[in-house]
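Asks: Input: one structure, supplied below.
Protein chains: 2
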Amino acid sequence: MKNTKELIPACIETPRVATDAVIFAVIDGALKVLLIRIGRGTYEGQWALPGGLVRMDESLDRAAERILSEKAGVDGIYLEQLGAFGDLDRDRRGRNVSIAYFALVNGEEYLPHTIEYYSDIAWKDVSRLPELAFDHAKIVTTGIDRLRNKLGYSNIAYGLLPKEFTLTELQTVYESILDRPLDKRNFRKKIVGIGLVKETGKIRKSGPSRPARLYSFADRKPKMVDVL
Amino acid sequence: MKNTKELIPACIETPRVATDAVIFAVIDGALKVLLIRIGRGTYEGQWALPGGLVRMDESLDRAAERILSEKAGVDGIYLEQLGAFGDLDRDRRGRNVSIAYFALVNGEEYLPHTIEYYSDIAWKDVSRLPELAFDHAKIVTTGIDRLRNKLGYSNIAYGLLPKEFTLTELQTVYESILDRPLDKRNFRKKIVGIGLVKETGKIRKSGPSRPARLYSFADRKPKMVDVL
DNA sequence: GCAAAAGTGTTTAGACTACACCCATGC
DNA sequence: GCATGGGTGTAGTCTAAACACTTTTGC
């Protein structure tokens, strides 16, 4: 673009720009993605990620926030860019490029609700995904890779948990995402040792078993830490 | 975009889509980036990354390859997407989004040459960069971070070296990029131990010192390995 | 024989892994 | 008193870091 002609016609042939969001939550011990079902048009009835076109007067990050808020009712959470997806055949309706974002929410607190154009919205288990429209399967895979990776060197897991939680709950989140069991003693030693979480002093009683201590994250901003 | 109206006007208001490339080389023991100087227009005389508009009939990856080839004469090298940059004020000439790529070349083999629209092209030391047009300083920073990171868990350094090289040369590349000295014995032990490189059996004599064994990369395709 | 770069091992400290039993509570 | 999940320590192995001298060559 640097060296194209300087005077730009109001309208130039360029791919349209959209964003799609991969929103994760851990629910019932399983990693889930928020999917919507398209209500009309070429892809009617198919599952896809929530997304939308980027407007001329908003940055990519802002567009992602707006679309997430409008189409999935999620506000004020951590959003991170996953990358741009721009293969020629990604959308049969016309040439476009999608900037994918990924986000984490606490599955207990957030209740998805369907909106206009979407005939359905639901959490789907990543290990049993339906067929997805566009190149969204690829985007989801990229998102899962990023999430797994990031879990090992950052504190992002805070996005998936309530303010207070037990170490067992935290471990379940890690195990669900990594899809493998972790040693309880080593996990607790490490997590507490690096100061990822701190004790709240509170205790939660639940059912016929020893009550658990409640912890909270030392930081609720994205931060690099050697976790695993 | 999924839930916009189905029939798309031939021309819709959307940001233009471009790509820019951050091309690295290690020359004279310093990490360098390939920059061009803009020949005309709003940003005339300023330094920037080589880039260009994405066409309607090519994917992002393909556009990046084409532009790299056309504007910097670099062909057939490893290209990796860095991410999308789409702030509102990134280009004073109009709204656009740039998909940035990063690439590595062997500074000894590749000689940059100026082309149409560019008044100059040159390797610039990353520690002494001129002021850059657009948001290219941010893109370069992202590129350097990615490169440093990747050096630690992949074999990408092969892109920066000729087919055969000495272990000292390899170490210089690592040190230039990480901007810190490495222990010679530990470096060699690790690099050879993990099988990143293999001996060619050849020896290179050069000046008044002990001749050095020549090595080559075990793999010349991107691969994950725990290097540092 | 000396300057210049190549090459080579050992020791130590910290991190990761594997592993099994007692504790506090509700019913 | 028993079922349920919470909580704890140690020994062995591996990896990373620190560190200094000998070798081969050209001149």
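Order-wise, the sequence lines are chains A and B. Going by the numbering used here, the first sequence opens with residue 161, and the numbers climb by one from there. Going by the numbering used here, the second sequence opens with residue 161, and the numbers climb by one from there. Every residue gets a Cβ at the ideal spot worked out from N, C-alpha and C, and that includes glycine.
Thinking C-alpha only, which one of B:Ser366, B:Met216, B:Ala317, B:Leu242 is nearest B:Val385?
Replies: B:Ala317
Asks: Residues in the same chain with beta-carbon distance under 8 Å from B:Arg176, minus the five sequence neighbours each way, listed in chain order, please.
Replies: Leu213, Gly254, Arg255, Asn256, Val257
Asks: According to DSSP, which residues form a beta bridge with A:Gly212?
Replies: Answer is A:Thr179, bridged to A:Gly212.
Asks: Out of A:Thr302, A:Glu329, A:Asp249, which one is the CA nearest neighbour of A:Phe294?
Replies: Distance from the Cα of A:Phe294 is smallest, within the candidate group A:Thr302, A:Glu329, A:Asp249, for A:Asp249.
Asks: Would you tell me roughly how many angstroms separate the C-alpha atoms of A:Glu335 and B:Ser369, rounded to the nearest one?
Replies: 55 Å
Asks: Beta carbon of A:Leu242, beta carbon of A:Ala260: below 7 Å?
Replies: yes
Asks: Specify the secondary structure class of A:Arg226 as computed by DSSP and reduced to three states.
Replies: helix
Asks: Should A:Lys162 be labelled buried (16 or more other beta-carbon atoms within 10 Å of its own) or exposed?
Replies: Low confidence applies here, because A:Lys162 scores a pLDDT of 41, under 50, leaving its location unreliable; read the following figure in that light. With 16 or more other Cβ atoms within 10 Å, it is buried.
Asks: Using a Cβ distance threshold of 8 Å, determine whether the stretch 298 to 307 of chain B contacts the stretch 224 to 232 of chain B, with at least three qualifying pairs required.
Replies: Between the stretch 298 to 307 of chain B and the stretch 224 to 232 of chain B there are fewer than three C-beta pairs closer than 8 Å, too few to call the two in contact.
Asks: Using 8 Å as the Cβ pair cut-off and three pairs as the minimum, do the stretch 353 to 362 of chain A and the stretch 183 to 201 of chain B touch?
Replies: Taking 8 Å as the limit for Cβ pairs, the verdict is that the stretch 183 to 201 of chain B does not touch the stretch 353 to 362 of chain A.
Asks: Suppose the cutoff is 8 Å on Cβ atoms and the five residues either side in sequence are ignored; what does the same chain contact list for A:Ala178 look like?
Replies: Gly211, Gly212, Leu213, Val214, Asn256, Val257, Ser258, Ile259
Asks: Quick check on A:Gly246: buried or exposed, where buried means 16 or more other Cβ atoms within 10 Å of its Cβ?
Replies: buried
Asks: Out of B:Ser314, B:Lys298, B:Ala378, B:Gly236, which one is the CA nearest neighbour of B:Phe325?
Replies: B:Ala378
Asks: Looking only at C-alpha atoms, which of A:Arg252, A:Gly201, A:Val265, A:Tyr203 sits nearest to A:Ser229?
Replies: A:Val265
Asks: Beta-carbon separation of A:Asp188 and A:Leu209 under 7 Å?
Replies: no
Asks: Determine, using beta carbons only, whether A:Lys365 and A:Leu374 come nearer to each other than 7 Å.
Replies: no
Asks: Are any of the Cβ atoms in chain A nearer than 7 Å to that of B:Leu220?
Replies: yes
Asks: Where in the stretch 235 to 314 of chain A do unbroken runs of the alpha helix (DSSP H), each at least 4 residues long, occur, reported from the N-terminal end onward?
Replies: For the stretch 235 to 314 of chain A, whole alpha helix (DSSP H) runs of length 4 or above, ordered along the chain, are 296 to 313.
Asks: Under 7 Å between C-beta atoms, does A:Arg308 make it to chain B?
Replies: no
Asks: So, is the C-beta of A:Pro290 closer than 7 Å to a C-beta in chain B?
Replies: no
Asks: Using a Cβ cut-off of 9 Å, pull out every chain A residue sitting near B:Gln241, in sequence order please.
Replies: Gly243, Ala244
Asks: Using only the alpha-carbon positions, how far apart do A:Pro371 and A:Val387 sit?
Replies: A:Pro371 and A:Val387 have their C-alpha atoms some 26 Å from each other.
Asks: Taking 7 Å as the threshold (beta carbon to beta carbon), is B:Asp305 in contact with chain A?
Replies: no
Asks: Identify the continuous beta strand (DSSP E) that holds B:Phe377 and give its terminal residues.
Replies: 372 to 377
Asks: Assign A:Asp339 to buried or exposed, taking buried as 16 or more other Cβ atoms, counted over all protein chains shown, within 10 Å of its Cβ.
Replies: Classified as exposed, A:Asp339 has fewer than 16 neighbouring CB atoms from the shown chains inside 10 Å of its CB.
Asks: Within 10 angstroms of the Cβ of B:Lys192, are there 16 or more other Cβ atoms? Answer buried if so, exposed if not.
Replies: By the beta-carbon neighbour count (other beta carbons within 10 angstroms, threshold 16), B:Lys192 is buried.
Asks: Quick check on the DSSP output: the alpha helix (DSSP H) that includes B:Gly361 runs from which residue to which?
Replies: Taken as a continuous stretch (DSSP letters only), B:Gly361 belongs to no alpha helix (DSSP H), being part of the beta strand (DSSP E) at 357 to 364.
Asks: List, in chain order, every chain A residue whose beta-carbon is nearer than 8 Å to that of B:Val177.
Replies: Thr174, Pro175, Val177, Gly246, Val257
Asks: Which residues in chain A sit within 7 Å of B:Met389, going by Cβ to Cβ distance?
Replies: The structure shown does not extend to residue 389 of chain B, since chain B is modelled only from 161 to 388, so the question has no answer here.
Asks: With a CB to CB cut of under 7 Å and the five nearest residues on each side skipped, what residues in its chain are close to A:Ala190?
Replies: Non-local beta-carbon contacts of A:Ala190 in its own chain, meaning distances under 7 Å to residues more than five positions away in sequence, involve Asp285, Ser336 in chain order.
Asks: Give a yes or no on whether the C-beta atoms belonging to A:Ile198 and A:Gln206 are separated by under 7 Å.
Replies: A contact, by the Cβ cut-off of 7 Å.
Asks: Against A:Leu338, what residues of chain B qualify as contacts under a CB-to-CB distance less than 8 Å, listed in chain order?
Replies: At a beta-carbon threshold of 8 Å, none of the residues of chain B lie near A:Leu338; the nearest stands roughly 17 Å away.
Asks: Measure the alpha-carbon distance for A:Asp217 versus A:Glu240 and round it to whole angstroms.
Replies: 20 Å
Asks: Does A:Pro322 pass the burial test, meaning 16 or more other C-beta atoms within 10 Å, or should it be called exposed?
Replies: exposed
Asks: I'd like the ranges of any alpha helix (DSSP H) spanning at least 4 consecutive residues and lying wholly in the stretch 309 to 344 of chain B.
Replies: 327 to 338
Asks: If I'm right that A:Tyr389 touches A:Val234 with Cβ under 8 Å, what's the distance once you round it to whole angstroms?
Replies: Nothing about residue 389 of chain A can be read from this structure; chain A reaches only from 161 to 388.
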